[in-house]
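Notes follow the structure.
2 protein chains.
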Amino acid sequence: MSKIKVSIKDIAQKAGVSTALVSYVLNGKEKESRVGQEIALKIKQIAAELNYQPSHLAKSLRSGKTHTIGLIIADISNPFFANIARVVEDEAKRNGYTVIIGSSDENADKSRDLLDVLINRQVDGFIIVSSENSEQQIHNLKDKNIPFVLLDRYFPEIPTDFVSTDHYKASYDAGTHLVRNGYKRIGMIAYDSHLFHMQERIRGYRDSLRDNKIDFQNSWLKPVKINTIENGVKASIDEMLASDQPVDAILFATYSLSVSGLKHINHLRLRVPEDLGIVSFGQAEVFELYYCPITYLKQPIVLLGQTAVELLVKKLTSNLNEPAQILMKAELIERASSKAKYSVLT
Amino acid sequence: MSKIKVSIKDIAQKAGVSTALVSYVLNGKEKESRVGQEIALKIKQIAAELNYQPSHLAKSLRSGKTHTIGLIIADISNPFFANIARVVEDEAKRNGYTVIIGSSDENADKSRDLLDVLINRQVDGFIIVSSENSEQQIHNLKDKNIPFVLLDRYFPEIPTDFVSTDHYKASYDAGTHLVRNGYKRIGMIAYDSHLFHMQERIRGYRDSLRDNKIDFQNSWLKPVKINTIENGVKASIDEMLASDQPVDAILFATYSLSVSGLKHINHLRLRVPEDLGIVSFGQAEVFELYYCPITYLKQPIVLLGQTAVELLVKKLTSNLNEPAQILMKAELIERASSKAKYSVLT
DNA sequence: TATTTTTGCTTAAACGATTAAGCAAGTTTT
DNA sequence: AAAACTTGCTTAATCGTTTAAGCAAAAATA
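Listed below in structure tokens is the structure:
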């Protein structure tokens, strides 16, 4: 069997030259480095013959660049993030980068661990979907001068590059849509989180009610703890329906919340949209296959992912960096679950 | 601001010793290498003080081990594989390994590219969910003595380590279950693929009919090209229903097929299970939220992933390797979509 | 013809770690 | 007091690349 690993040294030996020449030729620097035509050809042939594969490790050690991006997402089991991951991976590859994915599971400690592991794997930079209470980590990255771009979630009080959906606008649109379609008592189930994107979604919802002259009731807004979604959602729905102003529509702030919610709604034998109108953030096959297709806010996943990679790569390759803060629009996909309750004037 | 990157050299300098001593101390070899107590303490303090993080790159270059596993899966957008990926990642981390994930998108060329990229990123070994026509790649890995474990799919004619579900048995059970519940004309929609696991699923289906004295009809088995699922499934269902022996139940060989199938079944306004019984491979929220919860074959995802990692790590750390070929059982989760058609004797 | 320039190559240091080998002291054994 | 260990450290090679600097021979210029 052939040698375990063929290095530049093997080629040099076989060609009867120094390793330097081989390196020059194999990196296309024959002209600048004044390598003879014949010997250049010979080196190339031998390299091909031995099926030489350069060691990424050695290259990286020398250059200080690994051509690797660390992608830290909040939850890989959420299809939204899984898709983001895929887009990022593809786009990175197109730019010559490999991606190492880590899921923080919405947990700041895990996120910190991931960052540490990836930093001393020498990733060139990060794309991060932040989890709650991870502000300090972002500050650390800035202090250490490690390039990164925040994705989907960002901290308004920390000046960083980010690419995100306009969560406020999305939520506002969803609320307005429900009002226009005749729903009068619109509830929202959200994560009990200080994360800005969640606060924005809530703010958008409340403003949409206010601007449409609907009196917001405290019992309509239910924050659910992220680690007890299933039960939290159940209880929230029960309460929303039991109040003296029972809701006739619910806006779910995330995909996971709506999945739990729809299960419970089925269980209660409520009909959508007759008994309860539904709009949800996120997108998934579930929403198409549910007996009543679900109206949802479609985030521009591909564009989000691509732009994040593009931004990061720009930061990595050029050193001028005008900070970029990009907000994108979500699209409201109208389905049966938020159908107009009765003919409404427009 | 502090130095960009602190190396063993910086510590040595500050402590007034050679780099060798630092290395010994930081690797806990103080005893074997007879390092003085005082200086050892001093070195540790300085390392902590400077927040020294060893360069994984340099370590790997020296040792030839990267402590990285390459995970190549057939399709990251399929929740089954996404979950597998998550399990593998967690289990690997528990063993001190990092995972680099790549999706081959069921394409042999892409799979080959991924292997190449990861090989010269020097991953220590692979866990692979093979795509069609990638046998040669498996042979190459064997020739190059690169450790790997096949996951979920394997090639019976190539002796390799693998961890897989017993696809034959799963399919056989599903078929038998439908027969027992009174379905008489059971169709199957599968991928048009030579992959062994798919052939096994088909064989299990056919054997279950045979053993239950049901005359298999050629029109009941529909292979669908993997890159035209949506239309392929539509056509298949239409044909199955139009034949003179129209099916009264369908077994879907994969999650993606059933999602497409259910959409079309909705569109045809067929009722499940009254008009059509359904059993599917794979598992997902879809199956719970569909108006009629879907009976499915639940593969032991966690155990599959963990075992694969365990096996690979064993191959990487010890050099004795009795080949391991592990088959696990899928569990049939019975839901309403394959309800007994009428009271049946058991 | 003497000098400069160009051409085609080699040498060697560097990236950051590990580790076998070696070398002075100090300590123990005879 | 000579021989033999021990102790506590340093030196230097190595992993696979890149690249600045240097050097001799050939070619161009004076």
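Respectively, the protein sequence lines represent chains A and B. Using my numbering, the letters of the first sequence map in sequence onto residues 465 to 810. Using my numbering, the letters of the second sequence map in sequence onto residues 465 to 810. For glycine and all other residues, C-beta sits at the position ideal for the given N, C-alpha and C.
Problem set entry | Cβ-Cβ separation, Pro764 of chain B to Arg799 of chain B (assumed contact under 8 Å), whole Å | Incorrect: roughly 19 Å between the Cβ atoms, too far for contact.
Exercise. Taking any Cβ of chain A, which residues in the stretch 628 to 640 of chain B have a Cβ under 8 Å from it, in chain order?
Worked result: none
For this session: Please list, in chain order, all residues of the same chain as Val711 of chain A whose beta carbon is under 8 Å from its beta carbon, the five residues on each side excluded.
Result: Arg649, Ile650, Gly651, Trp684, Met704, Leu705 and Leu740
Exercise. Could you give the distance in angstroms between the alpha-carbon of Asn785 of chain A and the alpha-carbon of Asp573 of chain A?
Worked result: 30 Å
Exercise. Over what stretch of residues does the alpha helix (DSSP H) that includes Val552 of chain A continue unbroken?
Worked result: Pro543 to Arg558
Problem set entry | Cβ contact check for the stretch 499 to 511 of chain B and the stretch 521 to 538 of chain B: 3 or more pairs under 8 Å | no
Problem set entry | Residues that Tyr754 of chain B contacts on chain A, provided the C-beta gap is smaller than 8 Å | Leu753, Tyr754 and Tyr755
Exercise. In chain order, which continuous runs of the alpha helix (DSSP H) of length 4 or greater are located wholly inside the stretch 587 to 651 of chain B?
Worked result: 599 to 607 and 631 to 644
Exercise. Does Pro737 of chain B get closer than 8 Å to chain A when you measure Cβ to Cβ?
Worked result: no
Problem set entry | Buried versus exposed, by CB contacts within 10 Å (16 or more), Asn783 of chain A | exposed
For this session: Thinking Ile653 of chain A and Gly746 of chain A are a contact (beta carbons under 8 Å), I'd like their distance in whole angstroms, please.
Result: Rounded, the Cβ-Cβ distance is 13 Å, inconsistent with contact.
Exercise. At what residues does the alpha helix (DSSP H) containing Leu525 of chain B begin and finish?
Worked result: His520 to Ser527
For this session: Give, in chain order, every residue of the stretch 516 to 531 of chain A whose Cβ lies closer than 9 Å to some Cβ of chain B.
Result: Gln517, Pro518, Ser519, His520, Leu521, Ala522, Ser524, Leu525, Gly528 and Thr530
Problem set entry | Residues in the stretch 537 to 550 of chain B having any Cβ partner in chain A nearer than 8 Å | Ile540, Ser541, Pro543, Ala546, Asn547, Ala549 and Arg550
For this session: Could I get the ranges of all uninterrupted alpha helix (DSSP H) runs contained in the stretch 724 to 762 of chain B, with 4 residues as the minimum, in chain order?
Result: 749 to 753
Exercise. Can you tell me where the beta strand (DSSP E) with Leu659 of chain B in it begins and where it stops?
Worked result: Segment: none, Leu659 of chain B is in no beta strand (DSSP E) and carries neither H nor E.
Exercise. According to DSSP, what are the bridge partners of Asn715 of chain A?
Worked result: The displayed chain sequence assigns Leu, not Asn, to residue 715 of chain A. The partner list for Leu715 of chain A (beta bridge, DSSP) reads A:Met652 and A:Val743.
Exercise. Would the stretch 611 to 618 of chain B and the stretch 627 to 638 of chain B be scored as touching if the rule is three or more Cβ pairs under 8 Å?
Worked result: yes
Exercise. From Val551 of chain B to Arg585 of chain A, what distance separates their C-alpha atoms?
Worked result: 21 Å
Exercise. Per DSSP, what kind of secondary structure is Ile533 of chain A in: helix, strand or coil?
Worked result: strand
Problem set entry | Status (buried if at least 16 other CB within 10 Å, exposed otherwise) for Leu811 of chain B | Because chain B in this structure spans residues 465 to 810, residue 811 of chain B falls outside the shown range and cannot be described.
Problem set entry | Neighbour flag for Glu749 of chain A against chain B, beta carbons, 8 Å | yes
For this session: Could you tell me the distance, in whole angstroms, from the CA atom of Tyr760 of chain B to the CA atom of Leu796 of chain B?
Result: 6 Å
Exercise. Which of helix, strand or coil does DSSP assign to Gly566 of chain B?
Worked result: strand
Exercise. Under 8 Å Cβ-Cβ, which residues of chain B neighbour Val858 of chain A?
Worked result: Missing from the structure shown is residue 858 of chain A; chain A here goes from 465 to 810 and no further.
Exercise. Do the stretch 598 to 614 of chain A and the stretch 666 to 682 of chain A make contact, defined as three or more Cβ pairs closer than 8 Å?
Worked result: no
For this session: In angstroms with no decimal places, state the Cα-to-Cα distance between Lys557 of chain B and Leu673 of chain B.
Result: 44 Å
Problem set entry | chain B within 8 Å of Arg644 of chain A, Cβ atoms only | no
Exercise. Going straight from the alpha carbon of Glu738 of chain B to that of Ile690 of chain B, what length do you get?
Worked result: 29 Å
Problem set entry | Per-residue contacts from Leu761 of chain B into chain A (C-beta, under 8 Å) | Simply none; closest approach about 18 Å.
Problem set entry | For Gly480 of chain B, the nearest candidate out of B:Glu502, B:Leu579 and B:Ala538 (CA to CA) | B:Glu502
Exercise. Quick one: Cα of Ala484 of chain A to Cα of Lys493 of chain A, how far?
Worked result: 11 Å
Problem set entry | For Val470 of chain A and Lys727 of chain A, the rounded distance between their alpha carbons | 58 Å
For this session: Mind listing the chain A neighbours of Ile475 of chain B? Cutoff is C-beta to C-beta under 9 Å, in chain order.
Result: Those within 9 Å of Ile475 of chain B in chain A number zero; the least Cβ separation is about 15 Å.
For this session: Select from B:Leu768, B:Ala772 and B:Leu582 the residue whose C-alpha is nearest the C-alpha of Lys793 of chain B.
Result: B:Leu768
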